[in-house]
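Step one of this worksheet: look at the structure below.
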Amino acid sequence: MKLRSLVLCFLCVLLASVVNAFALDREAFTFAKYDLNVRIEPEQQRLGVRGTITLRNDSPTPQKIAVLQISSSLSWSSIKAGGKPLQFVLQPYTSDIDHTGALSEAIVTLPETVPPKGTVDLEIAYEGVIVLDATRLTRIGAPEAQANSSDWDQISPKFTAARGLGYVAWYPIATEAADLSEGKNLFEVLGRWRTREIASTMHLQFAIPSGEDEPPEFLVNATTCPIAHEVQHLFAADCTYRLLGTLAPTFVIADYEIVERAGIAVHFLHGHDASANNYADAAEKVIPLITEWFGAARNKAETADLIDPNSAPYESGSLLLTPLTSADPKLAGLTAAHQLTHAAFFSPRPWINEGLAHFAQALYLEQQRGRQAALDYIGLHSSAFAAADQQREKQPAAPPSEDEVNRSLVNTTDEELYRSKAMCVWWMLRGMLGDQALKKAFASYHPEDDKEPSYMPRLIQAQTQRDLEWFFDDWVYRDRGLPDFKVASAFTRKTLPDGYMLTITVENMGSAGAEVPLTVKFDGGEITKRLVVRGKSNGVIRVEVPKPPEEIVVNDGSVPESDTTNNTFKIEAADASK
Ligand SMILES: [Zn+2]
10 MKLRSLVLCF
20 LCVLLASVVN
30 AFALDREAFT
40 FAKYDLNVRI
50 EPEQQRLGVR
60 GTITLRNDSP
70 TPQKIAVLQI
80 SSSLSWSSIK
90 AGGKPLQFVL
100 QPYTSDIDHT
110 GALSEAIVTL
120 PETVPPKGTV
130 DLEIAYEGVI
140 VLDATRLTRI
150 GAPEAQANSS
160 DWDQISPKFT
170 AARGLGYVAW
180 YPIATEAADL
190 SEGKNLFEVL
200 GRWRTREIAS
210 TMHLQFAIPS
220 GEDEPPEFLV
230 NATTCPIAHE
240 VQHLFAADCT
250 YRLLGTLAPT
260 FVIADYEIVE
270 RAGIAVHFLH
280 GHDASANNYA
290 DAAEKVIPLI
300 TEWFGAARNK
310 AETADLIDPN
320 SAPYESGSLL
330 LTPLTSADPK
340 LAGLTAAHQL
350 THAAFFSPRP
360 WINEGLAHFA
370 QALYLEQQRG
380 RQAALDYIGL
390 HSSAFAAADQ
400 QREKQPAAPP
410 SEDEVNRSLV
420 NTTDEELYRS
430 KAMCVWWMLR
440 GMLGDQALKK
450 AFASYHPEDD
460 KEPSYMPRLI
470 QAQTQRDLEW
480 FFDDWVYRDR
490 GLPDFKVASA
500 FTRKTLPDGY
510 MLTITVENMG
520 SAGAEVPLTV
530 KFDGGEITKR
540 LVVRGKSNGV
550 IRVEVPKPPE
560 EIVVNDGSVP
570 ESDTTNNTFK
580 IEAADASK
């Protein structure tokens, strides 16, 4: 009897913990506001933080428990509300959202149940070290050197750089575990966090002991950071982040020298003068193109050197961290076009923000080396996502209609889509509208008014008489995959005195429609026209040529396509002479 009740009791404990595990909703609260004092001690590689965070219950159910997570190399020292210590349970939580591959998780019992949309202020304190650590990469088999050049974040006497969410949880977060071994899972977790945090704010008061020597330079990617001063060997800066979901708060401390130009400042490490000047020169030359398309810079672009020449570059807004000496000097202009676009144009929507920065790179290549160079660059990007697209069609992750919405440019968290595919969409829009109309649409865009996914499409629609709804529906609001064009038929008729009228039917076997260029080649020349072919439809066009037509090529590479092997159509000499 006694044994039996023990077994039963054991079962109830087990059941209770199972229930708890289900009840713990790590993503119930939005971290609406951070107000933190951050002390960084490079000599000790230490970070100490105290301050207040405001959590808002964005779940539909009342919450009594809040989860707070920081990097596993940091530890919680206190969590209070209204000055009273709260009960909390600490546990390590395995998650690849942090470079160490784990988080120090505090499961906090709140003083009162927080109803949906209700908020609670928590006073928090934690500290610890941030050292070079690439555990999350090495444990899935990445070679150590490669892992370290990707996860290069650290606080150290020589060089300090720490990126926020997705690299180092140096400020509190709460997400379900991210797993790098599961394909795009980390991006999905990051995407959910960014969406929740889109309108959140963060206020940081940094304090850095600066020793006897001249203080090192301090760089952040904050929205504003107006107050920075040094008093008695303590450097202080007062920084604010708005629209937190669009940025991962990042700080850098190093003995930088600086080359300053109109529109850009390049912070470089000792001895890297030549590379820094090369980049600044290249950037200066790109500025007129970027201004012409996206207007004058909203803020100065900042480029900062990384100490390890193998470090992977990282961008956040118009701040670019990159090892200056190992960058290919020939690619400086291309990199600068991207960075300067971020300094000139901002959108909280990744397909606009990143898509346009990549689009600007194609514009730059066209200006420097001609249209074909731009099309080659676009082709390089589109072949990457076209391959992924075909893979997905074989193994859809969700029902087709749901998948179409999840993977749409307005919703996706997939970088390949909101960078590469978005770039192609902008390039196609340029082809349909022309440069002037598209520039006008950009000039009328105000990020603070962008409250609906349809805001930008409406601004573009306002610049043209043509109906673009079908295009936005196939490419922006939904992911209808890619077109697949082929010339279904071509009939030639001789006209007087010695011209030829060609009637061409183009079939689109894919589900996404597009306006596609079509070139008719003849002895001594060619004529290019544009033709709209909707998804799973045919389009017909007539082209008049002065000599017998020899070949038709549909799509010059400006429209991403699932299959480009069927784009050339040969016209038999006998046909043409009829
Ligand atoms: Zn970018």
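Going by my numbering, the first residue of the sequence shown is number 10, and it counts up by one from there.
Virtual Cβ for every residue (Gly too), placed ideally from N, Cα, C.
| query | result |
| --- | --- |
| Quick check on alanine 30: buried or exposed, where buried means 16 or more other Cβ atoms within 10 Å of its Cβ? | The predicted position of alanine 30 is uncertain, since its pLDDT is 48 and thus under 50; no value can be drawn from it. |
| Mapping DSSP to helix, strand and coil, what is glutamine 72? | strand |
| Using only alpha-carbon positions, find the residue among Lys430, Leu146, Asn415 that is nearest to isoleucine 106. | Leu146 |
| Once the 5 residues before and after serine 391 are set aside, which same chain residues still bring their CB inside 7 Å of it? | Ser429, Cys433, Pro569 |
| Does the region 195-202 come within contact of the region 228-237, defined as at least 3 CB pairs closer than 8 Å? | no |
| Could you tell me the alpha carbon to alpha carbon distance between aspartate 162 and threonine 249, rounded to whole angstroms? | 22 Å |
| Given this structure, state the Cα-to-Cα distance separating threonine 70 from proline 322, to the nearest angstrom. | 42 Å |
| In the DSSP assignment, the beta strand (DSSP E) including alanine 238 goes from what residue to what residue? | Reading the sequence as shown, one finds histidine at residue 238 and not alanine. Residues 233-240. |
| Whole-angstrom Cβ separation of glycine 566 and glycine 388, contact assumed at under 8 Å? | 5 Å |
| Between the C-alpha atoms of serine 104 and alanine 521, what's the straight-line distance to the nearest angstrom? | 37 Å |
| So which residues touch the region around ligand 1, with touch meaning a C-beta under 6 Å from any heavy atom? | Glu324, His347, His351, Glu363, Ala366 |
| What residue from His212, Val177, Pro462, Pro557 has the CA that sits closest to arginine 358's CA? | Pro462 |
| Could you please give me the residues that DSSP links to serine 498 through a beta bridge? | Thr514 |
| With isoleucine 116 as the anchor, note down where its beta strand (DSSP E) starts and where it stops. | 111-123 |
| Look up tryptophan 85 in the DSSP assignment and say whether it is helix, strand or coil. | strand |
| Report buried or exposed for valine 98, applying the criterion of at least 16 other Cβ atoms within 10 angstroms of its Cβ. | exposed |
| Assuming glycine 364 contacts alanine 257 under a Cβ cut-off of 8 Å, what Cβ separation, rounded to an integer in Å, is found between them? | In fact, because the Cβ distance is near 19 Å, the residues do not count as touching under 8 Å. |
| Let me check understanding here. Comparing Cα to Cα, which of Gly192, Arg489, Gly508, Ala353 lies closest to glycine 519? | Arg489 |
| Answer with buried or exposed for histidine 500, where buried requires no fewer than 16 other C-beta atoms within 10 angstroms of its C-beta. | Here residue 500 is phenylalanine; the residue named in the question, histidine, does not match the sequence. Exposed is the call here. |
| Can we say the region 133-142 touches the region 291-301, given the rule of at least three CB pairs closer than 8 Å? | no |
| Tell me the DSSP bridge mates of glutamine 4? | Coverage of the chain is limited to positions 10 through 587, which leaves residue 4 absent and any answer about it impossible. |
| Any idea which residues DSSP pairs glutamate 60 with across the strands? | Here residue 60 turns out to be glycine, not glutamate, going by the sequence shown. Leu45, Ile133, per the DSSP bridge assignment. |
| Does the beta-carbon of threonine 109 have 16 or more other beta-carbons within 10 angstroms, so that it is buried, or is it exposed? | buried |
| If you draw a straight line from the alpha carbon of leucine 384 to that of tryptophan 436, how long is it in whole angstroms? | 10 Å |
| Just verifying my parser: in three-state terms, what is the DSSP assignment at alanine 585? | Note that alanine 585 has pLDDT 46, beneath the 50 cutoff, so the model's placement of it is unreliable and no number is given. |
| What residue from Leu131, Glu36, Phe244 has the CA that sits closest to lysine 42's CA? | Leu131 |
| Pull up the distance between the alpha-carbon of isoleucine 164 and that of alanine 171, whole angstroms please. | 7 Å |
| Between the alpha carbons of alanine 285 and lysine 126, how many angstroms are there, rounded? | 49 Å |
| On a CA-only basis, which of Ile149, Pro492, Gly91, Tyr102 is nearest glutamate 121? Give me that one, please. | Gly91 |
| Anyone know if the C-beta pair for asparagine 1 and glutamine 214 falls short of 7 Å? | Since the first and last residues shown for the chain are 10 and 587, residue 1 lies out of range. |
| For proline 152 and valine 261, what's the separation of their Cα atoms in angstroms? | 26 Å |
| Counting Cβ pairs, one atom from each stretch, are 3 or more of them under 8 Å apart for the region 407-425 and the region 342-351? | no |
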